[in-house]
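With the first letter of the sequence shown counted as 1, position 135 gets the number 127 in the numbering used here; the numbers rise by one all the way through. Ideal placement from N, C-alpha and C gives every residue a C-beta, glycine not left out. Since we're looking at a predicted model, the values are computed, not measured. All remarks here apply to the structure that follows.
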Amino acid sequence: MQKTTPCLWFEDNAEEAVNFYTSTFKNAKIGNIARYGEEGPGPKGGIMTMTFQIDGQEFMALNGGPYATFSPAISFFVNCATKTEIDELWQKLSDGGTALMELASYPFSEKFGWTTDKFGVSWQLNLANRAQKIAPFFMYIGKHHGQAEEAINFYLSLFKNSSILNIARYGAGQEETEGTVVHAVFSLNGQEFMAMDSNREHAFTVTPAISFFVNCETQEELDELWEKLSEGGEKEQCGWLKDKYGVSWQIVPTILGELLQDKNPEKSNRVMKAMLQMKKIDILALQEAYKQG
């Protein structure tokens, strides 16, 4: 199981989006589908979450209502092995979206493009052949400009088997602030992420429309991540928190999915009801709710 899974928040069209992504990318497939029960908070029988994979990378899509909007402050960096692949992906992903940087040759890449898709999700396409095809990409802007390296080191301190794979900083005389991060690649539990700083004025900021779902095996692990990640940020409902850099996380026990997808709707509804009353997830309380009756 992937330790950290990007979760995409849609109003009510997660299924349409997942079908689009799994048809756009090769080697992609749909995984589990979870539906809302009597306890909601969405319509009973409606899709709550869907999981899907692209080249082995897991994603989750959530129908959460009209409360979050996608932003290029968190995007997905896609390594394309051939010019044909990058051209085809660009055509499909940019159709109905907005090009932030046109697909072209740049000093840092033979071929690169940055676009939002028709759902608002932001993608960076680059001609490069790397083992991990897709990596979440954080852009530190506004009040968080200059904090990319600090944030990377913070995340490395919380997740095992983590390291900085590559980091490059702006030099003197460049248009961005000297010493800040122009590009960084780092690994959390063996999973690659990317980051950069930008001091330009942007009409967007980081939002919870993309969050990171962290699978925890024990209550001890969950407690530690919950407290450390939320320090300086904000603790929210149902295992959600916002860290001090504005990034949203869901700190969740691996057993939760199993309990919520139980074939007995009464048991799964009790678990959902119990979870909706929590901030930090309590594994024992979930198990007790499951066993009642």
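{"Item": "When the Cα of T246 is compared with those of A143, Q279, Q116 and E184, which residue comes out closest?", "Value": "Q279"}
{"Item": "Can you say whether L157 is buried or exposed, counting buried as having 16 or more other CB atoms within 10 angstroms of its CB?", "Value": "exposed"}
{"Item": "Assuming Y147 is part of the alpha helix (DSSP H), what are its boundary residues?", "Value": "A140 to L150"}
{"Item": "I need the straight-line Cα distance from F69 to Q124, nearest angstrom please.", "Value": "10 Å"}
{"Item": "With S86 and T107 assumed to form a contact (beta carbons below 8 Å), what rounded beta-carbon distance in angstroms separates them?", "Value": "4 Å"}
{"Item": "Is the separation between the beta-carbon of E170 and that of S190 shorter than 9 Å?", "Value": "no"}
{"Item": "CB G88 to CB L95, shorter than 9 Å?", "Value": "no"}
{"Item": "With three or more C-beta pairs closer than 8 Å as the rule, is the segment 3 to 12 touching the segment 217 to 232?", "Value": "no"}
{"Item": "Sort P128, Y147, M93 and V113 by Cα distance to Y315 and report the nearest one.", "Value": "Examination of residue 315 is not possible in this model, given that the chain is present from -7 through 285 alone."}
{"Item": "Helix, strand or coil for G249? Go by DSSP, reduced to three states.", "Value": "helix"}
{"Item": "Are the beta-carbon atoms belonging to N118 and I78 less than 9 Å from one another?", "Value": "yes"}
{"Item": "Roughly how far, in whole angstroms, is the beta-carbon of L276 from the beta-carbon of M264, given that I think they are within contact range, below 8 Å?", "Value": "That belief does not hold up - the Cβ atoms of L276 and M264 are roughly 17 Å apart, past 8 Å."}
{"Item": "Which two residues bound the contiguous beta strand (DSSP E) that contains A73?", "Value": "It is not in any beta strand (DSSP E) - A73 carries neither H nor E in the DSSP assignment."}
{"Item": "If you reduce the DSSP assignment to three classes, tell me which class Y13 lands in.", "Value": "helix"}
{"Item": "Using the DSSP secondary-structure output, state which residues sit across from D189 in a beta bridge.", "Value": "Y132"}
{"Item": "How big is the Cα-Cα spacing for G231 and A91?", "Value": "34 Å"}
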